[in-house]
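Under our numbering, the sequence shown has 131 at position 129, and the numbering climbs by one with no breaks. What follows is a single structure, written as C-alpha cells, with notes after it.
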Amino acid sequence: MEDGAYDEHFGPEASRPMLPREFLDGLSESFLQFDADWMCIDCNPAAVSFLQRPRSQIVGRSLWNFPRVSRGSPFGVLCCRVRETHSPEEAEATFPRRGQLRLLLVQVFPLNGGVGAVWRDITEVREAERELADSEHHFRTLADNMPAAAWASGAGGTLTFINEAMVETLGRNREVLLGDGWLEAVDGADFERLLTTLRQARQAASPFEYEGGFRHADGSLRVIHLHGRPRFRGNAFAGHIGTAQDVTERRRFERRQALLIGELNHRVKNTLATVQSVISQTLREVDAEREASLNGRLMALSAAHDVLIKRAWEGAYLSDIVTTAIAPYAHANRVEVEGPQIWVPTGATVALSMALHELATNATKYGALSTPAGEVKVQWAADDGQGALVEWREMGGPEVITPTRSGFGSRLLGRGLAGELGAPAELEFRPEGLVCRLRVPSREPAATDGE
3 MEDGAYDEHF GPEASRPMLP REFLDGLSES FLQFDADWMC IDCNPAAVSF
53 LQRPRSQIVG RSLWNFPRVS RGSPFGVLCC RVRETHSPEE AEATFPRRGQ
103 LRLLLVQVFP LNGGVGAVWR DITEVREAER ELADSEHHFR TLADNMPAAA
153 WASGAGGTLT FINEAMVETL GRNREVLLGD GWLEAVDGAD FERLLTTLRQ
203 ARQAASPFEY EGGFRHADGS LRVIHLHGRP RFRGNAFAGH IGTAQDVTER
253 RRFERRQALL IGELNHRVKN TLATVQSVIS QTLREVDAER EASLNGRLMA
303 LSAAHDVLIK RAWEGAYLSD IVTTAIAPYA HANRVEVEGP QIWVPTGATV
353 ALSMALHELA TNATKYGALS TPAGEVKVQW AADDGQGALV EWREMGGPEV
403 ITPTRSGFGS RLLGRGLAGE LGAPAELEFR PEGLVCRLRV PSREPAATDG
453 E
C-alpha cells in the first residue's frame with residue numbers, strides 16, 4: 003500500500019463509531035486505536051503479530067504504558083500533535099523487535115475523539131533504496147570515468163543518462179543535453195535524417211547506427227558516430243543504450259588519404275600506360291607475340307590495382323581477385339568460380355592476380371580454354387593455418403604433357419610467388435588437365451566505423 007493511502011479511510015471525516023472489522027483484519031499493516039483518554043480500544047491481527055503480545059494485553063492498555071512510548075518519545079509527540087491539530091501526520095521511527103532495530107513508517111490520524119495509528123516495517127525497503135542509490139552512484143562513477151561517451155534513452159527517445167565523456171564530446175552541460183536538449187546540437191543538414199533513424203529504431207525496437215554533423219559548443223562542426231542497442235523491461239521496449247564517438251579527425255584523415263591514393267592511382271595508371279606505349283614502340287617490328295604477352299601482363303597488373311583501389315589499397319576479397327583476373331578469359335561461362343569470403347592483403351593480391359593471369363593465358367593458348375569443350379574450375383577454402391588454399395583445375399582440354407623447359411609463367415608460378423605468397427605454386431601436369439594449388443595469406447579486413 004502506498005504512503006498516505008490511509009487518509010481516505012482514517013481522515014478527519016471518518017467519524018463513525020468503529021471501523022469495519024473485515025477491513026481491519028484484512029490490513030497487512032499494524033493498526034491501533036486510542037480513545038480520548040489514550041486508552042487502546044482496538045487493534046488488528048497485524049499489530050498483535052508485530053507486538054508479539056496477545057490482544058488482551060494490548061486492548062485496554064494506556065498508550066503511555068506501551069514499551070518505549072512516553073509523552074517525550076517521537077511516537078508520543080506525534081500522537082499528541084495530531085490530537086491537538088486534528089490533522090493526520092506521517093513519520094519514520096525505529097522500534098526494537100526480535101533483537102533488531104526496525105524502521106517503521108507510522109501514520110497517525112484523528113479518529114472518534116482520539117487517534118488511530120497505522121505502521122508498517124520499511125526496513126528492507128530503505129535498505130534496498132540505499133543499495134540502489136549506492137549502485138547508481140557506483141555506476142555513474144564508473145560511467146563518468148569511461149573514455150567512451152555513453153548514453154541511455156527512454157522509450158520515447160529522450161535522453162535519460164549521459165556520462166562525462168558524452169558531455170565533453172558535445173561540449174555542453176549535462177542538464178542542457180538531457181531530455182531532447184541534445185538535438186539542438188545536431189547540424190541542420192542532418193536533423194531530419196537523424197530523427198528518421200531514431201524513429202525507425204524505436205518503432206522496430208532495433209539497434210541503429212548513425213553518423214552525422216553535431217555543432218560543438220565552441221562552434222566547430224564535429225562528425226559524431228552514434229551506436230545504439232535496444233533495452234527491454236521484461237518484454238516491453240524501454241529505450242536504447244549506446245555510445246557516441248567523435249570521428250571528425252578520422253574522417254578528415256580518410257578524405258586526405260583518399261585524395262593521396264587517388265593521385266597515386268592516377269600516376270600508376272599513367273606510368274603503366276607509358277610503359278605499355280614504350281613496349282609497343284620497341285617491339286612492334288620485333289616480336290608481336292612477345293608484345294601481346296607483355297601488354298597482357300601489364301593489363302593484368304592494372305586490373306589488380308583496380309581491385310585494390312576499391313578498398314583503399316588495404317587488400318581485397320578473394321572472390322573479387324579471381325573474377326577480375328579471369329574476366330578476359332571466361333568464355334561462355336566455361337570458368338566456374340567457388341569459395342567463401344576471404345580477405346587477402348595487398349601484396350598477395352597483386353601476386354595472386356598475376357599468377358591467375360598466367361594460368362588463364364596458358365589455358366587459352368594450350369590448355370582447357372583452347373578447345374570448345376574445355377572447362378576450368380577455380381575454388382578455394384580456408385587453410386588450417388593463417389591463409390587460404392586456391393585450386394585451379396582444368397578439364398576437357400588437350401592432353402597435358404609435362405613441359406621440358408620453364409618459361410616466364412612457370413618461373414612466376416614457381417619461385418616468383420614465394421616472396422609475396424610465402425610458398426611457390428604446386429603444379430600437377432595431369433594428362434586430363436593442369437592442376438595448380440596456391441597458398442595465399444589472409445587476415446580480417448580492416449574495420450571501419452559504421453560497418
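C-beta atoms are modelled at their ideal positions from N, C-alpha and C, and glycine is treated no differently.
Alpha helix (DSSP H) containing residue i: first to last residue?
{"i": "R100", "result": "That residue, R100, is in no alpha helix (DSSP H); it is neither H nor E in DSSP."}
{"i": "R336", "result": "Premise fails: R336 is in no alpha helix (DSSP H) and is neither H nor E."}
{"i": "E446", "result": "Taken as a continuous stretch (DSSP letters only), E446 belongs to no alpha helix (DSSP H), as it is neither H nor E."}
{"i": "A350", "result": "348-367"}
{"i": "G28", "result": "23-28"}
{"i": "R395", "result": "Run containing R395: none in the alpha helix (DSSP H); it sits in the beta strand (DSSP E), 389-397."}
{"i": "E194", "result": "193-206"}
Rounded to the nearest angstrom, how far is the Cβ of residue i from that of residue j, given a contact under 8 Å?
{"i": "W153", "j": "A246", "result": "6 Å"}
{"i": "L80", "j": "E91", "result": "6 Å"}
{"i": "V402", "j": "P433", "result": "6 Å"}
{"i": "W382", "j": "L320", "result": "6 Å"}
{"i": "L358", "j": "V324", "result": "6 Å"}
{"i": "A2", "j": "G115", "result": "The requested residue 2 does not occur in the structure, where the chain is confined to residues 3 to 453."}
{"i": "V172", "j": "A191", "result": "Val is not the amino acid found at residue 172; the sequence shown has Leu there. Between A191 and L172 the Cβ distance is about 17 Å, and since that is not below 8 Å, they are no contact."}
{"i": "V84", "j": "P112", "result": "6 Å"}
{"i": "S155", "j": "H242", "result": "5 Å"}
{"i": "T373", "j": "G399", "result": "5 Å"}
{"i": "N46", "j": "S58", "result": "Actually they do not touch by this definition, with Cβ atoms about 15 Å apart."}
{"i": "A157", "j": "A240", "result": "6 Å"}
{"i": "R73", "j": "C82", "result": "7 Å"}
Hey, quick one: how far does the beta strand (DSSP E) through residue i stretch, first residue to last?
{"i": "Q35", "result": "32-36"}
{"i": "H242", "result": "238-248"}
{"i": "E170", "result": "No beta strand (DSSP E) holds E170; the alpha helix (DSSP H) holding it covers 166-172."}
{"i": "P443", "result": "435-443"}
{"i": "S155", "result": "151-155"}
{"i": "H218", "result": "Counting along the chain, H218 falls outside any beta strand (DSSP E), and DSSP gives it neither H nor E."}
{"i": "G118", "result": "116-123"}
{"i": "V225", "result": "223-235"}
{"i": "D44", "result": "42-45"}
How is residue i classed by DSSP in three states: helix, strand or coil?
{"i": "R73", "result": "coil"}
{"i": "P330", "result": "helix"}
{"i": "K312", "result": "coil"}
{"i": "T373", "result": "coil"}
{"i": "V61", "result": "coil"}
{"i": "G181", "result": "strand"}
{"i": "I263", "result": "helix"}
{"i": "G78", "result": "helix"}
{"i": "G13", "result": "Any reading at G13 must be qualified, since the residue scores a pLDDT of 41, below 50, and its modelled position is unreliable; the value itself is stated next. Residue state, collapsed to three classes: coil."}
{"i": "W345", "result": "strand"}
{"i": "P400", "result": "coil"}
{"i": "A425", "result": "coil"}
{"i": "F68", "result": "coil"}
{"i": "T162", "result": "strand"}
{"i": "R432", "result": "strand"}
Check whether the Cβ atoms of residue i and residue j sit closer than 8 Å, and answer yes or no.
{"i": "I226", "j": "F216", "result": "yes"}
{"i": "T125", "j": "L105", "result": "yes"}
{"i": "L29", "j": "A48", "result": "yes"}
{"i": "G317", "j": "T363", "result": "no"}
{"i": "Y331", "j": "V339", "result": "no"}
{"i": "D248", "j": "R224", "result": "yes"}
{"i": "A370", "j": "V380", "result": "no"}
{"i": "G435", "j": "M397", "result": "yes"}
{"i": "T160", "j": "D182", "result": "yes"}
{"i": "R439", "j": "L391", "result": "yes"}
Report yes if the C-beta of residue i is less than 7 Å from at least one heavy atom of the ligand MG; otherwise report no.
{"i": "T326", "result": "Absence of the ligand MG is noted for the structure shown, with no ligands found whatsoever."}
Mind checking residue i: buried by the 16 CB within 10 Å criterion, or exposed?
{"i": "L179", "result": "buried"}
{"i": "N237", "result": "exposed"}
{"i": "R269", "result": "exposed"}
{"i": "W40", "result": "buried"}
{"i": "R204", "result": "buried"}
{"i": "I344", "result": "buried"}
{"i": "L65", "result": "buried"}
{"i": "Q109", "result": "buried"}
{"i": "T406", "result": "exposed"}
{"i": "T326", "result": "buried"}
{"i": "V127", "result": "exposed"}
{"i": "N335", "result": "exposed"}
{"i": "N165", "result": "buried"}
{"i": "D220", "result": "exposed"}
{"i": "T351", "result": "buried"}
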